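Visitor: Numbering of the sequence shown is given in this note's numbering, commencing with residue 1235 and proceeding in unit increments.
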Amino acid sequence: MRFQEGFLWGGALAANQCEGAWNEDGKGPSIADTAPYFGSKQDYEDYVCFHMMSKDDVYACLNDQEGCYPKRKGIDFYHHYQDDIKLFAEMGFKVLRMSIAWSRIFPHGDESEPNEKGLAFYDRVFDECLKYGIEPLVTLSHYETPLGLALDYGGWLNRKTIGFYENYVKTVFLRYKDKVKYWLTFNEINVILHSLYIGGAILKEYTSNNHDQDCFQAIHHLFLGSALAVKWGHELIPGAQIGCMLARRESYPATCKPEDNLQCLEEDQMNLFFTDVQMRGYYPTYMNKYFKEHHIHIHKEDGDDELLKQYCCDFLSISYYMTVVSQAQIDENTEMTTGNDLFGVKNPYLDSSSWGWQIDPVGLRITLRRLYDRYQAPLFIAELGLGEKDMISPDGKIHDSYRIEFLKQHFEAISDAIEDGVDLFGLTTWGCIDIVSMSTSEMSKRYGFIYVDADNYGKGTYQRMKKDSFDWYKKVIATNGKIL
Ligand code: BG6
């Protein structure tokens, strides 16, 4: 038996991509509610990565009567959660990773009293999970910072945001302490490197003309927020397990040229910097050198270093979709590839999904081993999956054999990593029911075992249908990964 007894098999969702009900029951807008439907990945990158969002941009979205903002409607999980969780239970889920929409609890972000209706909603959702023996694993912040904190404070660039986050975290810990044991402090904390808005809720008006200075200062604040979440989790919740979450970017050197290897090491360090701080409790020397070379000065207050040192995360979780290649010299002929905010040189040995994400199960085995060697702490795969265009066949069914094949190969690689000695206690496949895409805000990029009848413009019956992968995953879970 490679997968340990009690291995947490399940699926993952994020509030802003599934709940909808964006302004119901007192919920305030979050940064996700300003994301329009993008026709292409390029449009998305131009809008949120290469262009700095300003206050005017935000107000234009909020006042836009014509545009299409799919995350505001999601898949209407807010009103379908009972039926959806019932389907997850039918598959045998042991765990459901989901996030709390921060602005459902604190609509503007800076209130001292929470919104009771928002809190009551998550009570109902957690109770529904627990009714079926499904353990909730909750991301405290999944690209859904309250818009009020972006507009009035400059998001995570402002040290005050740490206090607002701390208040929110303490509120939900106290409320759900008997229902939720597993928590993640921030989704893909490193994504701020590619988008100050998505990762840090930072608007142009608050930035200086030194992007890196702003970015790393905000990251310092995120680290402090994460450490405080660990502190309060341990103090308020019996047996709490508080983890961090990294968009893992595993990379191979393009050749055995020493320069390519050095480049690979440096890119890897920029990825692992985040977990080095959250798992080891201090800034690594390679980053101190980087700051010096780039004239970055992190403003720290007394006690910051001690806080980071004292409150490391209990486990490390990752999202894993693809790998890239590192090369010292690139020019206009070098073929590049992207995923969600991960860029790199294309690997000629790998196939890609329809969205160009390079498929690499062996890379997952490598990454799990590397991370375990480095931190010697329990690991959890918080996201893994294949986004594809699923079609309804003439027989009325969805035959997603490509998804089964993708997951089977990755599960085999995971099982090998466990055999290699990695301590992995669970995995949640991404978008276990079809949801709105994070990047392009489209519905046609589907990850689920359950199909949702909705299109990119929010039209459809929103009816749920099992895909072929539904029964396949059910069997995987029932046999604890013996039959893949
Ligand atoms: C991860 C995010 O980066 O990738 C998720 O944490 C996201 O929120 C997932 O949905 C897949 O990306 P996309 O753009 O295909 O939805």
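Ideal Cβ placement from N, Cα and C applies to all residues, glycine included. All values reported here derive from a predicted model rather than from experimental measurement.
Tell me which same chain residues have a C-beta within less than 7 Å of the C-beta of residue 1468, skipping the five on either side of it?
Guide: So the list reads 1474, once near-sequence residues are dropped.
Visitor: Tell me the DSSP secondary structure of residue 1335 in three-state form.
Guide: Correct three-state label for residue 1335: coil.
Visitor: I need the straight-line Cα distance from residue 1617 to residue 1275, nearest angstrom please.
Guide: In a straight line, the C-alpha of residue 1617 is about 20 Å away from that of residue 1275.
Visitor: Restricting to Cα atoms, I'd like to know which of 1503, 1576, 1411, 1682 is closest to residue 1668.
Guide: Here the closest residue by C-alpha is 1682.
Visitor: If distances are taken between C-alpha atoms only, which option among 1542, 1535, 1495, 1498 comes closest to residue 1518?
Guide: Residue 1518 has its Cα closest to that of 1542, out of 1542, 1535, 1495, 1498.
Visitor: Taking residue 1292 as the reference, which of 1277, 1267, 1300, 1314 has the closest Cα?
Guide: For the residues 1277, 1267, 1300, 1314, the minimum Cα distance to residue 1292 belongs to 1267.
Visitor: Should the region 1296-1316 be called in touch with the region 1340-1349, which here means at least 3 C-beta pairs below 8 Å?
Guide: The region 1296-1316, when compared against the region 1340-1349, does not touch it at the 8 Å Cβ threshold.
Visitor: For residue 1433, count neighbouring C-beta atoms within 10 Å of its own C-beta (all shown protein chains included) and say buried if the count is 16 or more, exposed if not.
Guide: Classification of residue 1433: buried, given that the 10 Å Cβ count is 16 or more.
Visitor: Under a three-way DSSP split, which group does residue 1255 fall into?
Guide: Note: residue 1255 maps to coil in three-state DSSP.
Visitor: Would you say the region 1356-1367 touches the region 1689-1708, given that touching needs at least three Cβ pairs under 8 Å?
Guide: Segments in contact, no.
Visitor: Would you call the region 1257-1265 and the region 1315-1326 touching, i.e. three or more CB-CB distances under 8 Å?
Guide: Result no; under three Cβ-Cβ pairs closer than 8 Å.
Visitor: Express the C-alpha separation of residue 1494 and residue 1501 in angstroms, rounding to a whole number.
Guide: Residue 1501 and residue 1494: Cα-Cα distance of roughly 11 Å.
Visitor: In this structure, how does DSSP classify residue 1721 when only helix, strand and coil are distinguished?
Guide: It is not possible to answer for residue 1721, since the shown part of the chain is limited to 1235 through 1718.
Visitor: Does the beta-carbon of residue 1621, which I'm using as the reference point, lie nearer than 6 Å to any heavy atom of the ligand BG6?
Guide: Result yes, Cβ under 6 Å from the ligand BG6.
Visitor: Can you name the residues that DSSP bridges to residue 1322?
Guide: Paired residues: none, contrary to the question.
Visitor: Can you find a heavy atom of the ligand BG6 that lies under 6 Å from the Cβ of residue 1307?
Guide: Not so, every heavy atom of the ligand BG6 lies at least 6 Å from the Cβ.
Visitor: Would you say the region 1538-1553 touches the region 1401-1412, given that touching needs at least three Cβ pairs under 8 Å?
Guide: Not touching, per the Cβ criterion.
Visitor: Out of 1621, 1341, 1444, point me to the one whose CA is closest to residue 1675's CA.
Guide: When each option's Cα is compared against that of residue 1675, the closest is 1621.
Visitor: Just verifying my parser: in three-state terms, what is the DSSP assignment at residue 1558?
Guide: Residue state, collapsed to three classes: strand.
Visitor: Can we count residue 1275 as close to the ligand BG6, meaning its CB is less than 6 Å from some heavy atom?
Guide: Residue 1275 Cβ: outside cutoff for every heavy atom of the ligand BG6.
Visitor: Flag this pair as touching only if the region 1243-1258 and the region 1326-1342 have three or more C-beta atom pairs under 8 Å; answer yes or no.
Guide: The answer is yes - the region 1326-1342 touches the region 1243-1258, with three or more Cβ pairs under 8 Å.
Visitor: Using DSSP's beta-bridge definition, name the partner residues of residue 1613.
Guide: 1550, 1658.
Visitor: Cβ of residue 1349 within 6 Å of any heavy atom in the ligand BG6?
Guide: Residue 1349 Cβ: outside cutoff for every heavy atom of the ligand BG6.
Visitor: So residue 1700 is in the beta strand (DSSP E); what residue range does that whole segment cover?
Guide: First-last of the beta strand (DSSP E) with residue 1700: 1698-1700.
Visitor: Judging by CA-CA distance, which residue of 1603, 1602, 1561, 1484 is the nearest neighbour of residue 1573?
Guide: Minimum Cα distance to residue 1573 is reached at 1484.
Visitor: Beta-carbon separation of residue 1388 and residue 1379 under 7 Å?
Guide: For residue 1388 and residue 1379, no; Cβs fall outside 7 Å.
Visitor: Taking 6 Å as the line, does the beta carbon of residue 1176 fall inside it for any heavy atom of the ligand BG6?
Guide: Any question about residue 1176 goes unanswered here, given that the chain covers just 1235 to 1718.
Visitor: Grab me the residues of residue 1486's own chain with a C-beta within less than 6 Å of its C-beta, minus the 5 sequence neighbours each way, in chain order.
Guide: The answer, listed in chain order, is 1559.
Visitor: Mind checking if residue 1600 is an interface residue toward chain B, Cβ cutoff 7 Å exclusive?
Guide: Here there is only one protein chain, and chain B is not present.
Visitor: Could you have a look at residue 1304 and say whether DSSP puts it in helix, strand or coil?
Guide: In the structure shown, residue 1304 sits in a helix (DSSP, three-state: H, G or I).
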